[in-house]
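In my numbering, the protein residues as written are 44 to 209.
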Amino acid sequence: MFSHLRVALSRELDEPEVARLLEDLVARGWQPRQLRHRVGALPAQPSTAKDAEVVIACLRALLDEPSPQQRYDEDRERREAERARAGQDAPRVAAPEDRDRWIATIRGGLKGRPRPRRSAPVRLRPDCALCHGEAELFVRRDVHLCSRCVDLLAAGEVQPRRVATG
């Protein structure tokens, strides 16, 4: 597992006690690369024996710590519990009358003259120039005709009136 260490240190760590420590750590969720990283980050000591003691002490200390996977699982469970709790405590949509009341209160506190909301203009069709019904077709700006009157004009049954312009 510690192939990245010096050969002398690897031989020093080749003991049953270190093997048991490593087995326990792996059983608790530590991955070999995580252990290699932590051991590799340890400061070098003046002798190989002292290096081995520091590595063994580090491994023993890791037995008391939760593994990174355990920490990740606990953090994920905590986040999911918070998300579930937030879902239950999520704000509800206000009733339309409450919403309008709050909007009026907010707008009342704003500076300047309030602008009234304009509703969309109601579009009505103009009257037919011949029968005064609802016109469907545009002839010119002041002349509109319904389809029935257009058919009568086409058949020659109705004569258009002369409208005085301007």
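We put the beta carbon where it would ideally sit given N, CA and C, even for glycine.
In chain order, what residues of the same chain have a beta carbon less than 6 angstroms from the beta carbon of residue i, not counting five sequence neighbours either side?
i: cysteine 192; result: Cys171, Leu173, Cys174
i: valine 186; result: Ala172
i: tryptophan 73; result: Ser110
Leaving out five residues before and five after residue i in sequence, what residues of the same chain have Cβ atoms less than 8 angstroms from its Cβ?
i: leucine 64; result: Ile99, Leu102, Arg103, Leu106
When you compare each of the options to residue i by their alpha carbons, which one comes out closest?
i: alanine 51; options: Arg184, Ser90, Ser190; result: Ser90
i: proline 75; options: Phe45, Val97, Glu96; result: Phe45
i: aspartate 94; options: Glu55, Glu125, Arg79; result: Glu55
i: arginine 12; options: Arg168, Arg122, Asp67; result: Any question about residue 12 goes unanswered here, given that the chain covers just 44 to 209.
i: proline 109; options: Arg71, Leu196, Ala197; result: Arg71
i: alanine 92; options: Asp57, Arg81, Leu196; result: Asp57
How is residue i classed by DSSP in three states: helix, strand or coil?
i: leucine 52; result: helix
i: leucine 153; result: coil
i: glutamate 120; result: helix
i: valine 201; result: coil
i: leucine 180; result: strand
Spatial neighbours of residue i within its chain, please: CB distance less than 7 angstroms, with the 5 preceding and 5 following residues excluded, ordered by chain position.
i: glutamine 77; result: Pro111
With burial defined as no fewer than 16 other Cβ atoms inside 10 Å of the residue's Cβ, what is the status of residue i: buried or exposed?
i: glutamate 60; result: exposed
i: leucine 188; result: buried
i: leucine 85; result: exposed
i: tryptophan 145; result: exposed
i: leucine 180; result: exposed
i: leucine 153; result: exposed
Quick check: what's the CA-CA separation for residue i versus residue j?
i: arginine 114; j: glutamine 88; result: 31 angstroms
i: arginine 161; j: aspartate 143; result: 16 angstroms
i: glycine 155; j: alanine 137; result: 27 angstroms
i: arginine 178; j: glutamine 202; result: The sequence as given places alanine at residue 178; arginine does not occur at that position. Answer to the nearest angstrom: the Cα atoms are 17 angstroms apart.
i: glycine 130; j: glycine 83; result: 44 angstroms
i: glycine 176; j: alanine 147; result: 43 angstroms
i: arginine 135; j: aspartate 141; result: 12 angstroms
i: glutamate 117; j: valine 97; result: 29 angstroms
i: arginine 122; j: aspartate 67; result: 29 angstroms
i: valine 182; j: serine 190; result: 12 angstroms
i: alanine 62; j: arginine 126; result: 42 angstroms
i: histidine 80; j: arginine 128; result: 37 angstroms
i: glutamine 47; j: alanine 124; result: Contrary to the premise, residue 47 reads as histidine rather than glutamine in this sequence. Histidine 47 and alanine 124: Cα-Cα distance of roughly 41 angstroms.
i: alanine 163; j: arginine 119; result: 51 angstroms
Less than 6 angstroms between the CB of residue i and some heavy atom of the ligand COA, yes or no?
i: alanine 84; result: Judged by which ligands are present, the structure shown has none, so any question about the ligand COA falls away.
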